[in-house]
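Numbering (my numbering), first residue to last: 1441 to 2237. All residues carry an ideal CB built from backbone N, CA and C; glycine is no exception. Please read all numbers here as calculations on a predicted model, not as lab measurements. This report concerns only the one structure given below.
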């Protein structure tokens, strides 16, 4: 307490509260000078302040006594009475505060208990608490809901746990297993966590927590959480991570993981087989029918392959059109063969895709592991080698890896490094082989020879300076690491040479070989545009891109569009090695090419092979009817050149004209080539095409081949048995038509005589078949064809 003086907080009351000790003050003390007059108004002479002992709630309170008498306040009895009064008040205050605290405590406990029950009853986690004797102390509503029990949880309190378990055991997917687990938890009394599967398909996560008070058990708490949706999400994530979204098969990650597990646990004496399957010509399906149909095909193939597998096997889609197989317990090499045949047969039947019936095949490579250490990558690499060996052997088959394949791969890798090294070290060169063209005059009789086109051929100079033709490394030119870089280098070098020749007044078109891989790569057109932009606009027409036929690689929308784009840039496109691919006529139909080159394997034996002559002439006629220019490759003799010219082929390339040479050597050759090829003048003088003659000798060759193969029809036999067959056949009619103009020509006379002898010999053989006589027929026919060419070519070299 303080009076209204200016020094508040320094009075008797304040000091008592601050110190917690009794304070006595007389009005004559110096510290009360400031308010002594005020005290005198009330007659106060002394003051006594006493704290309330043992009552923390009254620590900021004090009892103050005022004395108006003379010396009474200092009386010991009065002071003791005041102290007793204060103690009584303190005791009463303590009782009041204690009672109030107890009342508040009871109210708080009741509220806390209510909150506890409310919280646990509304938690998604089900909770049940057991006492040490196994009776239920508490059960939440969520616990009852998880087991779909229509009971008030309070009715279970005090009941033994076995009674509760009797109600819920049958709700588990495996009641016996669930009961054994609960008994074990109760017995061992240790914290455990376990998934609990219910009969309705839900999955609960159970936590068993023992309640301990020191070493003494106070019971246990069992909480349940419904994790059904969480497990579904985990399964979905697992599918996303380990399953191919298109086919539903395992993906590459799952495949590698399973293979690593198989290798780690591979038992001795067992055979582990890994397979790589690749669809043959799948790109054509995408190009022709679209990616939607291609996806449908992959799904069907995946399903068909799955039907062949055992439960222990795994098939995965590794990417694109490539599938992987793991056979963890294959019965040896014989088992691989039988299994491979079933896989091939499963894919073989036709499929209906996009409203069309399509057929696909697969090439399969297997790697077999039985003993010793091996890793995932080694097995996959071996299976991949075997798969490519199957493709190289013609596709639609399988191969099993062997050591020879390893050496072949090593050799290819060595070749690849050799070529890459030469590219980086500027040891690649272009040599040029000229194409001789004979263009007829307006009357179609005479022809003028000239050289306006050359083919650029890649050469590699090794560290010792030896020059190697492309045949030494052509097997790796189309590989992914080389196709693009080599193609870009060749384009740039060829155009640079064309530009130099153009500047020197020489207009030569250069044919550049482009690998199918580079041609179909997304960067190819950009590469072409890049090299053209760096040079004058008129150089584009002096470049011709040669595409080598590789089966059906060039069949499809992409190839057609790239050819069209090249033509739009002013660059012409030709088909090299025409006739050797699997779909040559399809290429002519689909691709807007300007030139075809007949491969040397058809032109090199025109005089001795009926088949080569027929095929060459047929391809010539087909290409020419389509308005295409035709170049015959592999022309090695002037006589061969004359024969091709007689068949209508106006463009010749081969050693008979010139071997490949450097640009500097070609410059010199172009100045003297006529002197080096005197036979060209003969061709220019007598270059008339005689279709009737070629058709006659081709027809003769067909009949002979049917005789030799014993496939001659009854109608054909009847024709040969006619007395005048030698006059009625195509060759006989041609001879009759040329008898007068060719009178006096020994070669023609010899041809007529041999022709009559041939028919007589055939008549005799058909009358009395004999292998010896058939051999005579073949020998005479060969001599007859020689005489035919002598007569036809006349004075040709």
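query                                                                                                                         : result
Outcome for residue 1628 when other beta-carbon atoms lying within 10 angstroms are tallied against a minimum of 16           : exposed
Rounded straight-line distance, which links the Cα of residue 1905 to that of residue 1986                                    : 29 Å
Residue 2079 versus residue 2101 - alpha carbon distance                                                                      : 23 Å
Residue 1783 vs residue 1745 beta-carbon contact at 8 Å                                                                       : yes
C-alpha distance - residue 1814 paired with residue 1821, whole-angstrom precision                                            : 11 Å
Inter-residue spacing [alpha-carbon to alpha-carbon] between residue 1410 and residue 1754                                    : A question about residue 1410 goes unanswered here, because the residues of the chain that appear run from 1441 up to 2237.
Which listed residue (1612, 1493, 1657) has its alpha carbon closest to that of residue 1574                                  : 1657
Three-state secondary structure (DSSP) of residue 1892                                                                        : strand
Status (buried if at least 16 other CB within 10 Å, exposed otherwise) for residue 2258                                       : The displayed coordinates of the chain run from 1441 to 2237. Any statement about residue 2258 would go beyond what the structure contains.
Enclosing alpha helix (DSSP H) for residue 1825 [first to last residue]                                                       : 1816–1832
Cβ separation of residue 2017 and residue 2039, assumed to be a contact under 8 Å, to the nearest whole Å                     : 4 Å
Which residues DSSP lists as bridging residue 1988, in chain order                                                            : 2016
Alpha-carbon to alpha-carbon, residue 1504 and residue 1453                                                                   : 7 Å
The segment 1722–1732 contacting the segment 1842–1851, beta-carbon criterion three pairs below 8 Å                           : no
Status (buried if at least 16 other CB within 10 Å, exposed otherwise) for residue 1607                                       : exposed
Member of 2176, 2088, 2075 whose CA lies at the smallest distance from the CA of residue 2062                                 : 2088
Neighbourhood of residue 2046 by C-beta distance below 8 Å, restricted to the same chain and skipping five residues each side : 2052, 2053, 2056, 2080, 2083, 2084
Where residue 1441 falls, given that 16 or more other Cβ within 10 Å makes a residue buried                                   : Legend: pLDDT at residue 1441 = 38, less than 50; position of this residue unreliable, value from coordinates given subsequently. It counts as exposed.
Where residue 1736 falls, given that 16 or more other Cβ within 10 Å makes a residue buried                                   : buried
Beta-bridge partners of residue 1579, as assigned by DSSP                                                                     : 1568
Separation of residue 2218 from residue 1860, as counted between CA atoms                                                     : 51 Å
Identity of the residues DSSP links to residue 1491 by a beta bridge                                                          : 1502
Distance between beta carbons of residue 1898 and residue 1930, contact taken as under 8 Å                                    : 6 Å
Close Cβ partners of residue 1863 (< 7 Å) along its chain, the five nearest in sequence each way excluded                     : 1925, 1926, 1929
Reduced DSSP secondary structure (H/G/I, E/B, other) of residue 1981                                                          : helix
Whole-angstrom distance between residue 1465 and residue 1499, CA atom to CA atom                                             : 21 Å
Short Cβ contact (8 Å threshold) for residue 1643 with residue 1668                                                           : yes
Under the three-state DSSP convention, the category residue 2072 falls into                                                   : strand
Opening and closing residue of the beta strand (DSSP E) in which residue 1872 lies                                            : 1868–1880
Residue 1772 beta carbon less than 8 Å from that of residue 1681                                                              : no
Classification of residue 2143 by the beta-carbon crowding that lies within 10 angstroms, buried from 16 upward               : buried
Residues of its chain near residue 2190, where Cβ-Cβ distance is below 7 Å and the 5 sequence neighbours each way are ignored : 2227
Residue 2073 vs residue 2105 beta-carbon contact at 8 Å                                                                       : no
Reduced DSSP secondary structure (H/G/I, E/B, other) of residue 1456                                                          : helix
8 Å Cβ shell around residue 1816 - same chain, five flanking residues per side excluded                                       : 1696, 1699, 1700, 1703
Integer Cβ distance of residue 1786 from residue 1798, believed to fall under 8 Å                                             : The pair is not a contact, with the Cβ atoms about 16 Å apart (cut-off 8 Å).
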